[in-house]
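Taken in order, the sequence shown gives residues 1 to 166; the numbers are from UniProt numbering.
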Amino acid sequence: MAEESKLPTPRGSQSPSVFDWHPFDSFRRQFDRLFDDFPSRRSLADFQPFDRLMSAATPPVDFVEKDGGYEITAELPGLDEKSVDVKLSNGVLSISGEKSEEKEEKKEGYYCSERRYGSFRRAFRVPEGVDAEKITADFEKGVLKIKLPKTPESKQEEKKIEIAAK
Numbered sequence: 001m002a003e004e005s006k007l008p009t010p011r012g013s014q015s016p017s018v019f020d021w022h023p024f025d026s027f028r029r030q031f032d033r034l035f036d037d038f039p040s041r042r043s044l045a046d047f048q049p050f051d052r053l054m055s056a057a058t059p060p061v062d063f064v065e066k067d068g069g070y071e072i073t074a075e076l077p078g079l080d081e082k083s084v085d086v087k088l089s090n091g092v093l094s095i096s097g098e099k100s101e102e103k104e105e106k107k108e109g110y111y112c113s114e115r116r117y118g119s120f121r122r123a124f125r126v127p128e129g130v131d132a133e134k135i136t137a138d139f140e141k142g143v144l145k146i147k148l149p150k151t152p153e154s155k156q157e158e159k160k161i162e163i164a165a166k
């Protein structure tokens, strides 16, 4: 006598099963119900996405090599140059800052008060051949640009080394 399979079977399968198991359908129903029952007068569009909240802790940074040196570009929206520190210590360049924001909104039958505080710190090992005395930083419209010029010795043309066949 053949045993009946107790494994889930795909929908539309001709063989009978003890139960149908559809984990993704169940997950989707639960997820949809979460937002249907969401207790708020505000719409979901009023909430910041998770990645934007996380970017306050670790702002996006580009580190590129250019002809005369390196350039670090950090996006720091909502900050000014007084809220940001750039330091060089023991071959490590660090960028740190702090943001504080308060928002208050009053409407008839509605009051919202939000406060956000956060700090960040990014650190980079300075590549060999950088002239530490000539590092500069500029801040404009929420974007910090740090230029790390190379020393004259490190700018020398690369030399091709011939390979001898034996």
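C-beta atoms are modelled at their ideal positions from N, C-alpha and C, and glycine is treated no differently. As the structure is a prediction and not an experimental result, all values here were calculated from the model.
- The three-state reading of DSSP puts residue 164 in coil, since its state is none of H, G, I, E or B.
- Assignment of beta-bridge partners to residue 60 by DSSP yields no partner.
- The segment 149-163 and the segment 97-111 do not touch, with fewer than 3 CB-CB distances between them shorter than 8 Å.
- Less than 9 Å separates the beta-carbon of residue 124 from that of residue 94.
- Across the structure, residue 106 and residue 117 are spaced so that their CA atoms are roughly 21 Å apart.
- For residue 70, the number of other beta carbons within 10 angstroms of its own is at least 16, and it is reported as buried.
- Taking 8 Å as the upper bound for CB-CB distance, residue 134 and residue 73 are not in contact here, some 18 Å apart.
- Between the C-alpha atoms of residue 148 and residue 78 there is a straight-line separation of about 25 Å.
- Collapsing the DSSP output to three states places residue 158 in coil.
- Apart from the 5 residues on each side of it in sequence, residue 164 has no Cβ closer than 8 Å to any other Cβ in its chain.
- For residue 60, the CB contacts under 8 Å within the same chain, skipping 5 residues up- and downstream, are 74 and 75 in chain order.
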